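S.K.: Counting from 1 along the sequence shown, just add 467 to a position and that's the residue number in my numbering.
Below are the structure tokens for one structure; questions will follow.
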Amino acid sequence: MNKKLWGGRFKKETDKQFFAFQKSIQYDYILAGFDICHSLIHIGALKDAGILSAQEYNSLKKSLAGILDEVKKGKFVPSFQDEDIHSYIQQRVTESAGDKLSAKLHTLRSRNDQVIFDTKCYCYVEMLNLSDMLKNVCNSFLHLAEMYGDMPFAGYTHTQRAQVIPFAKGYAGAYVNMFTRDIKRIDRFLDNLIVYIGSGALAGSVLKKNYERALKDFLRSSSGIKVKNIKVVENPVDNVSDRDFVIEVLQIISLIQMHLSRFCEDVINYSTAEYSFFDLPEEFCTGSSLMPHKKNPDFAELVRGYTGRIYGDLLAVMTMMKGLPLTYNRDMQVDKESLTSAVSLLQNELLIMARFIKGIKLNRQKIDEVLSDQRLYATELAEYLVSKGVAFKDAHECVGALIRFCEDNKKIIADLSDKELKDFNLNLNGLDVKKVMNSGYAIRSKKASFKNLPGMFK
Ligand code: ARG
Numbered sequence: 468m469n470k471k472l473w474g475g476r477f478k479k480e481t482d483k484q485f486f487a488f489q490k491s492i493q494y495d496y497i498l499a500g501f502d503i504c505h506s507l508i509h510i511g512a513l514k515d516a517g518i519l520s521a522q523e524y525n526s527l528k529k530s531l532a533g534i535l536d537e538v539k540k541g542k543f544v545p546s547f548q549d550e551d552i553h554s555y556i557q558q559r560v561t562e563s564a565g566d567k568l569s570a571k572l573h574t575l576r577s578r579n580d581q582v583i584f585d586t587k588c589y590c591y592v593e594m595l596n597l598s599d600m601l602k603n604v605c606n607s608f609l610h611l612a613e614m615y616g617d618m619p620f621a622g623y624t625h626t627q628r629a630q631v632i633p634f635a636k637g638y639a640g641a642y643v644n645m646f647t648r649d650i651k652r653i654d655r656f657l658d659n660l661i662v663y664i665g666s667g668a669l670a671g672s673v674l675k676k677n678y679e680r681a682l683k684d685f686l687r688s689s690s691g692i693k694v695k696n697i698k699v700v701e702n703p704v705d706n707v708s709d710r711d712f713v714i715e716v717l718q719i720i721s722l723i724q725m726h727l728s729r730f731c732e733d734v735i736n737y738s739t740a741e742y743s744f745f746d747l748p749e750e751f752c753t754g755s756s757l758m759p760h761k762k763n764p765d766f767a768e769l770v771r772g773y774t775g776r777i778y779g780d781l782l783a784v785m786t787m788m789k790g791l792p793l794t795y796n797r798d799m800q801v802d803k804e805s806l807t808s809a810v811s812l813l814q815n816e817l818l819i820m821a822r823f824i825k826g827i828k829l830n831r832q833k834i835d836e837v838l839s840d841q842r843l844y845a846t847e848l849a850e851y852l853v854s855k856g857v858a859f860k861d862a863h864e865c866v867g868a869l870i871r872f873c874e875d876n877k878k879i880i881a882d883l884s885d886k887e888l889k890d891f892n893l894n895l896n897g898l899d900v901k902k903v904m905n906s907g908y909a910i911r912s913k914k915a916s917f918k919n920l921p922g923m924f925k
């Protein structure tokens, strides 16, 4: 265990079990790169204030840059014995720049400022990654749409056969729409997020002017930090106690997860023998240890199953925050567990999902079988009658009675004679029925319905 950042006023050793309980490095090690950026800006401010000499600044900068390089190359290995990522990086600086110099790194700053800086940067970068992954998922739906072009598909309400929809623009397009909304939600989040530096513990910092200059220098240098808005703090009390952005991220993630879960529900249903609309890519299914015939939609089931965990992460942070007095409270450390777990889980799901969707094959024969159900066209028939001057209420009533008659007598409307049709008070003949009660007409007749699909996302 390395030297603590706060040992001075304590006489007794920290209880070992308690120390293990309170440490956060197992979750916050992921913030290493951002924490080093905080330190780089901070030492710039210390140099500007004359607290660090140019030489001291350069040595600290070199030491920090060395660790940052490890992070960028994926070679950074934290010690999970340490308290948190801030303490661990301090320790690493001590190892490379020596005790005396590293003792100056933490001058006039607090982990309260670091942790919110780091976590906001993390949210920014990971939401950007999420957005790219969502674009790939949209592209997979667009790929599916392209493969099945003009194919008609059965649309449901209440899980009951309803009306025919075009597979590409209607079904695949609906999911493209949903995930595009999610992408826009992320864009808005990224636009609004402001990362602050310079809060001190809660009361601000005497280095305000120095931070301003150091931040400018840092951003001008090839800092590699992607975040759009970084500013010197405007209200440190609010800043160190704010975790709204964590909740916003978890809200957005929860919505995306809900969309995924709904699609998975379709996938699970549509791959049953009962529906058989979808043939799922085998690489993403598993079998049964007992029943030799089984091909189970495990990926979709797991995604659906994980929804509770992601909602739980959102609820955990909302609840953790609800009673906290101003300003920073240690409770807030707990947000990392929920945040990083939800982010990495969703990213994992999206990466697999993009490939899974591309592998789905539609079973035209089975879909056509369902599309031959005349009930799917009852609405078109009623609407057609309206075009012939019948009031909709009457048309609805008559077509309803006609469908009921056919159901009771195991008949199909197309086989009824003109005379039988007339018995239902319908101004219809067999030719009308043939013209209207098919998927081509059903789709064509909807003038204001499905917009064209967008081009592939880049
Ligand atoms: N590990 C802590 C967290 O994630 C860092 C901040 C600690 N600050 C403090 N005053 N104890 O919240």
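Quick reminder that beta carbons are idealized off the backbone N, C-alpha and C, glycines included.
It should be emphasised that the depicted structure is a prediction, and the values quoted were computed from it without experimental measurement.
#1: Quick one: does SER689 have its CB under 9 Å from some CB of chain E?
#2: Which parts of the segment 701-765 are runs of the alpha helix (DSSP H), unbroken and 4 residues or longer, counting only runs that do not cross its ends?
#3: According to DSSP, is LEU623 part of a helix, a strand, or is it coil?
#4: Classify VAL544 as helix, strand or coil using the three-state DSSP reduction.
#5: If you count every other CB in all the chains shown that lies within 10 Å of the CB of GLU550, and 16 or more means buried, which is it?
#6: Tell me which residue opens and which closes the alpha helix (DSSP H) that VAL837 is part of.
#7: Determine the direct distance from the alpha carbon of PHE547 to that of SER491, and round the result to whole angstroms.
#8: May I ask you to report which of helix, strand or coil DSSP gives ALA629?
#9: Is LYS789 helix, strand or coil by DSSP?
#10: Three-state secondary structure (DSSP) at VAL699?
#11: What's the call for VAL900, buried or exposed, on a 16-neighbour Cβ count within 10 Å?
#12: Please confirm if the segment 904-920 is in contact with the segment 841-854, defined as three or more CB-CB distances below 8 Å between the two stretches.
#13: Would DSSP call ALA664 helix, strand or coil?
#14: Name the DSSP bridge partner or partners of LYS828?
#15: Please name the residue, chosen from CYS590, LEU686, VAL560, LYS676, that lies closest to GLU701 on a Cα-to-Cα basis.
#16: Are the segment 746-758 and the segment 815-833 in contact at 8 Å, needing three or more beta carbon pairs?
#17: Does the ligand ARG have even one heavy atom less than 8 Å from the beta-carbon of HIS553?
#18: Taking only heavy atoms of the ligand ARG into account, decide whether any of them is closer than 8 Å to the Cβ of ARG687.
#19: Taking Cβ positions, are PRO619 and PHE634 nearer each other than 9 Å?
#20: Using the Cβ count rule (16 or more neighbours within 10 Å means buried), how would you classify PRO759?
#21: Is ALA767 buried or exposed, if buried means 16 or more other CB atoms sit within 10 Å of its CB?
#22: Report the residue from VAL857, LYS478, LEU895, ASP798 whose alpha carbon sits nearest the alpha carbon of ASP709.
#23: By alpha-carbon positions, which one of SER743, ILE583, GLY775, ASP705 ends up nearest to GLU836?
#24: Since I believe THR774 is in contact with ASN763 (beta carbons under 8 Å), could you give me their beta-carbon distance rounded to a whole number of angstroms?
#25: Classify LYS649: buried if its beta carbon has 16 or more other beta carbons within 10 angstroms, exposed otherwise.
#26: Under 6 Å Cβ to Cβ from CYS504, same chain only, skipping five residues before and after it: list those, please.
#27: Please classify GLY922: does DSSP put it in a helix, a strand, or coil?
#28: So, at 7 Å on beta carbons, what are the nonlocal neighbours of ARG680 in its own chain, with the 5 sequence-adjacent residues on each side left out?
#29: Would the beta-carbon of LYS803 be found less than 8 Å away from any heavy atom of the ligand ARG?
#30: If ALA564 and LEU527 are in contact, beta carbons under 8 Å, what's the gap, nearest whole angstrom?
#31: How many angstroms separate the CA atom of SER672 from the CA atom of SER689?
#32: Pop quiz: ILE714 and VAL784 are said to be a contact at Cβ under 8 Å. What is the actual Cβ separation, rounded to whole angstroms?
#33: Apart from the five residues just before and just after ILE508, which ones in its own chain have a Cβ nearer than 8 Å to its Cβ?
#34: With respect to the alpha helix (DSSP H) encompassing ILE644, which residues constitute its N-terminal and C-terminal limits?
#35: Could you check the C-alpha separation between TYR778 and LEU568 for me, to the nearest Å?
#36: Going by Cα to Cα distance, which pick from LYS761, LYS855, LYS571, VAL544 is closest to TYR524?
M.R.: On the basis of the supplied data:
#1: Of the chains in the structure shown, none is chain E; there is only one protein chain.
#2: 703-708, 711-737
#3: The question names Leu, but residue 623 in the sequence shown is Tyr. The answer is strand: DSSP assigns TYR623 an E or B state.
#4: coil
#5: buried
#6: 831-838
#7: 9 Å
#8: strand
#9: coil
#10: strand
#11: buried
#12: yes
#13: Residue 664 is actually Ile in this sequence, not Ala. Correct three-state label for ILE664: strand.
#14: ASP746
#15: LYS676
#16: yes
#17: yes
#18: no
#19: yes
#20: exposed
#21: buried
#22: ASP798
#23: SER743
#24: Rounded, the Cβ-Cβ distance is 18 Å, inconsistent with contact.
#25: Note that residue 649 is Asp in the sequence shown, not Lys. Under this definition ASP649 is a buried residue.
#26: ILE692
#27: coil
#28: ASP515
#29: yes
#30: 6 Å
#31: 26 Å
#32: 6 Å
#33: ILE664, TYR678, ALA681, LEU682, PHE685
#34: At residue 644 the sequence reads Asn, which differs from the Ile that was named. Where ASN644 is concerned, the enclosing alpha helix (DSSP H) stretches over 640-659.
#35: 45 Å
#36: LYS571
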